[in-house]
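Asks: FYI, the numbering for the sequence shown is 1 to 171, going by UniProt numbering. All C-beta atoms in this analysis are idealised placements derived from N, C-alpha and C, irrespective of residue type, glycine included.
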Amino acid sequence: MSADRTNGLRQKKPEDDLDRLDVGILRLLQQNARLSVKEIAAEVGLAPSSTHERIRRLRESGILRGMHADVDPQALGIGLEALFMIELAKHERSTVDTFMDDIVEVPEVRSAFLVTGRYDLVVHVLVRDTRHLKDLALDHFTNRPGVTRIETSIIFDARRRSALPVFRSLD
1 MSADRTNGLR QKKPEDDLDR LDVGILRLLQ QNARLSVKEI AAEVGLAPSS THERIRRLRE
61 SGILRGMHAD VDPQALGIGL EALFMIELAK HERSTVDTFM DDIVEVPEVR SAFLVTGRYD
121 LVVHVLVRDT RHLKDLALDH FTNRPGVTRI ETSIIFDARR RSALPVFRSL D
């Protein structure tokens, strides 16, 4: 797994200008990534060939970054999700970058966030059970040089919106 070292935002490029049709295509794909080009074309009012070309352009420009399967975690043996809030001794860029690059390679780590506030990092982890969570914390986090504090919160329940909001003006 390669680590994405950004917050997911790209530098804006001139070719990234989206119109209403592009946004319509993106909205439809966010709702159902399995729609055919023909179905998308019918919804946005374009010919399938034009729709296909727009989807290709959205992919090549990095705006449309992939299609994802929503998998039931329990089917894979995941019984518990948790957040590790981590405080680091040093806040130098190289130290933080190395730490984040290292921890996202741990199979149980879903994501890692550099944040403001009391803690420096929030790490979302997926484990089998509380024993697995304890072992993960002790074997991969608390023993790392530079970690001064770790606090764990178990996630009881979660809701997630899969579609991103559109904040840009399309006039």
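Shortest alpha-carbon distance to I86 belongs to which of I78, V96, L80, R27?
Replies: It is V96 whose Cα lies nearest to the Cα of I86.
Asks: What first and last residue would you give for the beta strand (DSSP E) that runs through H124?
Replies: It spans 121-127 - the beta strand (DSSP E) in which H124 sits, taken as one unbroken run.
Asks: Considering R34, what are the terminal residues of the alpha helix (DSSP H) in which it resides?
Replies: No alpha helix (DSSP H) holds R34; DSSP gives it neither H nor E.
Asks: Taking all protein chains shown into account, decide if D120 is buried (16 or more other Cβ within 10 angstroms of its Cβ) or exposed.
Replies: Answer is buried; the Cβ neighbour count reaches 16.
Asks: Any idea what DSSP makes of E43, helix, strand or coil?
Replies: E43 falls in the helix class under three-state DSSP.
Asks: Three or more beta-carbon pairs under 8 Å between the segment 49-61 and the segment 100-116, yes or no?
Replies: No, they do not touch.
Asks: Assign A75 to one of three DSSP states: helix, strand, or coil.
Replies: A75 falls in the helix class under three-state DSSP.
Asks: Can you tell me whether DSSP reads M85 as helix, strand or coil?
Replies: In the structure shown, M85 sits in a strand (DSSP, three-state: E or B).
Asks: Out of D70, D19, R20, state which residue places its alpha-carbon closest to the alpha-carbon of residue 202.
Replies: Since the first and last residues shown for the chain are 1 and 171, residue 202 lies out of range.
Asks: Run through DSSP, which three-state label would F141 get?
Replies: Helix.
Asks: Hey, would you say T148 sits closer than 8 Å to L83, going by beta carbons?
Replies: No, Cβ-Cβ distance for T148 and L83 is not below 8 Å.
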